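Visitor: Its first residue numbered 89, the sequence shown is counted upward by one per residue in the numbering used here. Don't be surprised by glycine CBs; every beta carbon is placed ideally from N, CA and C. Note that the coordinates shown come from a computational prediction; the quantities given were computed from them, not determined experimentally.
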Amino acid sequence: MEYVFSSALIGLREGLEAALVVSILVAYLVKTERRSALRWVWAGVVTAVALSVAFGAVVSYTSSTMSFEQQELFGGTTSLVAVAFVTGMVFWMRSTARRISGELRDRLDQAVRVGPVAIALVAFLSVGREGLETAVFFYAATDSAGENSGPLVGFLIGLVVAVALGWAIYRGALKVDLTRFFTVTGVLLVFVAAGVLGYGLHDLQEAAFLPGLDTLAFDLSGPVPEDSWYGALLKGIFNYSARTTVLQAVAWVAYVAVTLTLFLWPAKKRAQPPVPQGAQP
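#1: How is L304 classed by DSSP in three states: helix, strand or coil?
#2: Looking at S95 and A223, is the spacing between their C-beta atoms short of 8 Å?
#3: Just to confirm, is the Cβ distance from E221 to E102 under 8 Å?
#4: According to DSSP, simplified to helix, strand and coil, what is T153?
#5: Which first and last residues belong to the alpha helix (DSSP H) in which R259 is found?
#6: Buried or exposed for S214, going by 16 or more other Cβ atoms inside 10 Å?
#7: Whole angstroms is fine: what's the gap from L292's alpha carbon to V205's?
#8: The beta strand (DSSP E) that contains T333, what's its start and end?
#9: Thinking just about the alpha-carbon of each residue, which of A145, Y318 and A282 is nearest to the one in S342?
#10: Cutting at 6 Å between CB atoms, please list the residues of its own chain near G319, excluding the five before and the five after it.
#11: On the three-state DSSP scale, how would you describe V363?
#12: Using DSSP with H/G/I as helix, E/B as strand and the rest coil, what is A320?
#13: Can you name, in chain order, every residue of its own chain whose Cβ lies under 7 Å from the Cβ of V200, other than the five neighbours on each side?
#14: Hey, how far is the Cα of V178 from the Cα of V118?
#15: Under 8 Å by Cβ, that's how I've got V137 and G260 pegged, so tell me the actual separation to the nearest angstrom.
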């Protein structure tokens, strides 16, 4: 169960994005007296969720039919894809947290003019991205954990909390500084993704796709064994490996250093256009 925290963090982050999207779409239709279009929003949401579950099932089934080397290659590749998804998600929410509501309302307003299928498509695309990312990361989490129960419990906890927060925000019972929220969770996710990156590279080394499996940066099997409570905690949250290869260590440090620097770097403010001479302020 040591993988619950990292999985719950992903479930919360992805789930809250989806919940916010749905709440914005629903609130806009209700306020503009277009309640008849709500069923198309829910149709798009249900379709997106079903597709995400089906995608996750296909990925898991495909992996179970492979040889050991193929499983390691597939698992390592999936982990790298999951890292790419999470990294993109972190930066996307950092840049759009303040204007996501307006962008979604504009898209939905255009879709309403086109017709029901367009409305369902807006909801499907808005929620489907988070669902597919969650499915990929869930497989990567279960692959590194070696079991399904811990990551599944974590994802379910995160999703339930996300839905509750989304409902509270929609009802106006809760005010959340989304920019600060996504900044804090973004920093945590950078470390989680770095661990998944290291694990994925180790899988590729075990599949003999990458060299250096026996070239270790350090071996902490003695002071910090993976089967101790603190080693298991580190492994569950950050994919800690007592025997870490040089490639894993270099990739982990480089990823954290570059990603955190770019993520925490102050965003540039848009320059105000110059006021023509003689114009009134």
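Guide: The relevant details are as follows:
#1: Counting from one through the sequence shown, the residue named residue 304 turns up at place 216. Looking at L304 - three-state DSSP - the assignment turns out to be strand.
#2: Here residue 223 is taken as the residue at index 135 of the sequence shown, counted from 1. Here residue 95 is taken as the residue at index 7 of the sequence shown, counted from 1. Taking 8 Å as the Cβ cut-off, A223 and S95 do not qualify as a contacting pair.
#3: The residue given as residue 221 occupies position 133 in the sequence shown. The residue given as residue 102 occupies position 14 in the sequence shown. Yes.
#4: As a working note, residue 153 is residue 65 in the sequence shown. Here T153 sits in coil by DSSP.
#5: Counting from 1 along the sequence shown, the entry for residue 259 is found at position 171. Taken as a continuous stretch (DSSP letters only), the alpha helix (DSSP H) holding R259 covers S237 to R259.
#6: Numbered from its first residue, the sequence shown carries residue 214 at position 126. Buried, because 16 or more other Cβ atoms sit within 10 Å of the Cβ of S214.
#7: As a position in the sequence shown, residue 292 is number 204, starting the count at 1. As a position in the sequence shown, residue 205 is number 117, starting the count at 1. Each residue's alpha carbon lies about 42 Å from the other.
#8: In the sequence shown, counting from the first residue as 1, residue 333 sits at position 245. Where T333 is concerned, the enclosing beta strand (DSSP E) stretches over R331 to T333.
#9: In the sequence shown, counting from the first residue as 1, residue 342 sits at position 254. In the sequence on display, residue 342 carries Ala and not Ser. Considering only alpha carbons, the answer is A282.
#10: Position 231 of the sequence shown, counted from the first residue, corresponds to residue 319. These residues qualify, in order along the chain: V312 and P313.
#11: As a position in the sequence shown, residue 363 is number 275, starting the count at 1. Note that V363 has pLDDT 48, beneath the 50 cutoff, so the model's placement of it is unreliable and the number below is only indicative. Correct three-state label for V363: coil.
#12: Against the sequence shown, residue 320 aligns to sequence position 232. Helix.
#13: Taking the sequence shown and counting its residues from 1, one reaches residue 200 at position 112. Cβ neighbours of V200 beyond the five flanking positions: R122, A125 and I207.
#14: Residue mapping note: residue 178 aligns to position 90 of the sequence shown, counting from 1. Residue mapping note: residue 118 aligns to position 30 of the sequence shown, counting from 1. The straight-line gap from Cα to Cα measures roughly 30 Å.
#15: Locating residue 137 in the sequence shown gives position 49, counting from the first residue. Locating residue 260 in the sequence shown gives position 172, counting from the first residue. V137 to G260, Cβ: 26 Å. No contact.
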